[in-house]
Structures are given as C-alpha cells and as structure tokens.
Amino acid sequence: MTETQAAAEAVSTARPSLLEARDLHVEFASRGRRARAVDGVNLAIGEGEIVALVGESGCGKTTLARTLLGLERPTSGEVRYDGAALDYGSRALKAYRRQVQLVLQDPTGSLNPRHTVYEAVAEGPRIHGLPDEREVVTEALSRAGLRPPDRFFLRYPHELSGGQRQRVVIAGALALNPKVLVADEPVASLDASVRGEILALLLRLREELGLSALVVTHDLGLAWNIADRVAVMYLGRIVESGPVEQVLTAPRHPYTQALMSVLPESPERVVLTGEPPDPTRIPGGCRFHARCQVLASGKAAEAGVDGKCRSELLDVLPAVPGAQAACHYAEVAG
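Quick look at the structure:
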C-alpha cells in the first residue's frame, strides 16, 4: 500500500458514519417473480466524505440511492442516519429529507419550465416553512456559483445554459442546509467543458460546508476525480469497495477490471460476454461467474477455485473503509 492509499484509508477510518445501509434488501414484483434490485448491501458514508457508487445500468445503484433517500422502503435491513434507524413516519421522513437531499441527473427535466429560478430554489424552504426565504435563496444561489444571485431570480430554465441549470438544482438542495447530497449522475447530461466546473463546485461545497455525498455514476473517471471511496455494484450487490486510488489503480474483482478496461489509458480491453442475469433469477455461486473473464480464461481453474465460482455463495461485504472484493479468485490470488 502506498503512502497516499494509507492516508486515504486512515482519513476514511477516522470519519464517523453519517449515512448507512445495513444488510439492505429491496425487492419488487416482476412478471410473477421477485426481482432482487438490492440484494444485501452494507454501505457507510462518513462526515465530509464523498463515496462513488458505480456500475452498469440496471445494477441496482439507483434503487439503492432512492432507498437511502427514503423514497423506497427496504424489504429488509435498515437505513441509518446519524446513528439512528430511519423512521418512515411522515413527520420524521420530512425532517430526514431536509438533511439528505437529491441532486438529479437531468436539470432540464427536474426544473419546472414555468417556474423562475427564485421559485425553483424557494420551493424546498417553503415546504419546510423556513424563515427569511429571500436570504436563504440568495445564499444558496451564491454558494452554487450563480453570482450575483439577484441577476438570476427572474430567469426561466430555458434562458440558462446546461451548467447554470445544474447549479440551480444544486442551489435548491443547498437551500435546506443538508448534511448529505445524493447526486445521481450529476454531470452525465452536461458538455465535457462544463463537467469539470460542476465537479469542482461539489468539492468546494464539501470543503466549505463539510457536506457528505453519495455520487451515483457509471463513469469511473468521474469517480476518480471526485470520490474518497468507491463501491462497485453488480446485480444488486457491492462486489468491490475501498479507497478510490486503491480500487481504481489495482482492482481485484474481475468486474471492476472490466469496467476499468474501457478507459482510454487501459492497455487491454476486456469484453464481457452476455448481459447481466435477470434479477429475478440470480445465479448460484458468484453472481458474476457467467460473464467472468477470469473463469472463462481458465485462470480460476488453475487457482483451483472454478468450482467455488460456479457454486459457492460469497459473503456480503461489510461496510469497512479498507479495500475488499467479493471474489473467490481474488482471495487466493491476492
């Protein structure tokens, strides 16, 4: 482990958990069966920490994020905030949602085209009955980098650039003075030239306000640039997690290795066969084994774990700061 990796792990270890998923399961009815969208997840986000949740579309990361926001109720397990289990009573849930705010992927779709910027940012404070509305809106817009704020009060979304619209969405979240942001693909709909500005804004908000964040993304480059830790999700479960530098420079799980191989600097592209299995029919053994390049290449057989890969279930990864991978081959290969 390098000094940088050790330092990142030490910082992560020192942070008390603010938002947690404990053995979280979320199931939905699907064509007469039960789809296990989230199938045993432990995840902790510390105070002032940014965690990236990465994986292909359909892996369950958005369902996990919605459950952490209190928008979905878990089938089993629990969400914990500031040391206490989430209370789903209407009053308690309203108070919780003030502390944990969502930043959506598409600012155009999340902003009402008939509302001015002022009305969009003021909506949350009005729902929660916050005093000094104009002052709150002004400060939120300023923190989001829309200055001077009063120049934007009467503008409509169609009069703004994509980056400015995303800043309005972020300002709407900041107006409630939250402790955690859950950002679902926060820069996916933006031009490359604007993405860096929004990432820099999120990092600055962490430094200035001590905000924690869960950033949901399929973009490993984004995870590298913004996160302290990364959790890689496949078919409803986290298969690898740890400090971002450690996981993304030396991934141990074959799925993470495949995701990393699509980056331009990767020396060799890993092409996965087939599609992820149906979440109503999760295979036995390692849930990735049907697509695993290590198993297909014979390396798992050489290591004597190919039988385990196909038949032996892996333990759910705990919520710990250090690097870990749910992989039979990684356990013996080191």
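For the sequence shown, the numbering used here assigns the number 266 to the initial residue and increments by one for each residue that follows.
For each residue, glycine too, the CB sits at the ideal point set by N, CA and C.
Helix, strand or coil at residue i according to DSSP, with G and I counted as helix
i           : result
residue 539 : coil
residue 290 : strand
residue 482 : strand
residue 558 : helix
residue 522 : helix
residue 503 : strand
residue 383 : helix
residue 298 : strand
residue 392 : helix
residue 400 : helix
residue 361 : helix
residue 415 : helix
residue 532 : coil
residue 236 : Past the edges of the chain, shown from 266 to 599, lies residue 236, and the structure says nothing about it.
residue 571 : helix
residue 353 : coil
residue 310 : strand
residue 475 : coil
residue 460 : helix
residue 496 : strand
residue 322 : coil
residue 509 : helix
residue 315 : strand
residue 343 : strand
residue 596 : helix
residue 677 : Look at the range of the chain in this structure, 266 to 599, and you will see that residue 677 is not part of it.
residue 283 : strand
residue 579 : coil
Test item: CB-CB of residue i and residue j under 9 Å
i           : j           : result
residue 382 : residue 342 : no
residue 296 : residue 335 : no
residue 495 : residue 366 : no
residue 352 : residue 544 : no
residue 528 : residue 521 : no
residue 422 : residue 466 : no
residue 433 : residue 387 : no
residue 325 : residue 552 : no
residue 475 : residue 312 : yes
residue 337 : residue 331 : yes
residue 373 : residue 437 : no
residue 308 : residue 329 : yes
residue 464 : residue 490 : yes
residue 509 : residue 582 : no
residue 287 : residue 584 : yes
residue 485 : residue 547 : no
residue 368 : residue 435 : yes
residue 301 : residue 290 : yes
residue 576 : residue 549 : yes
residue 417 : residue 429 : yes
residue 588 : residue 526 : no
Exposed unless 16 or more other CB atoms sit within 10 angstroms - verdict on residue i
i           : result
residue 393 : exposed
residue 403 : buried
residue 519 : buried
residue 600 : Here the chain has residues from 266 to 599 only, and residue 600 is not among them.
residue 456 : exposed
residue 580 : exposed
residue 562 : exposed
residue 573 : buried
residue 357 : exposed
residue 569 : exposed
residue 378 : exposed
residue 595 : buried
residue 333 : buried
residue 267 : Confidence at residue 267 is low in this model, with a pLDDT of 37, below 50, so the placement of that residue is unreliable and no value is reported for it.
residue 415 : exposed
residue 348 : exposed
residue 461 : exposed
Contact belief for residue i with residue j at Cβ below 8 Å, rounded distance in angstroms
i           : j           : result
residue 370 : residue 449 : 5 Å
residue 481 : residue 315 : The pair is not a contact, with the Cβ atoms about 12 Å apart (cut-off 8 Å).
residue 592 : residue 517 : 6 Å
residue 440 : residue 401 : 5 Å
residue 483 : residue 321 : 6 Å
residue 523 : residue 537 : 5 Å
residue 488 : residue 317 : 4 Å
residue 571 : residue 578 : Rounded, the Cβ-Cβ distance is 15 Å, inconsistent with contact.
residue 391 : residue 398 : 7 Å
Contact test: residue i Cβ vs the ligand SAH heavy atom, cutoff 8 Å
i           : result
residue 291 : The ligand SAH is not among the ligands present in this structure, which contains no ligands whatsoever.
**Study point:** alpha helix (DSSP H) runs contained entirely in the region 419-453, provided each spans 4 or more residues
**Key:** 427-439
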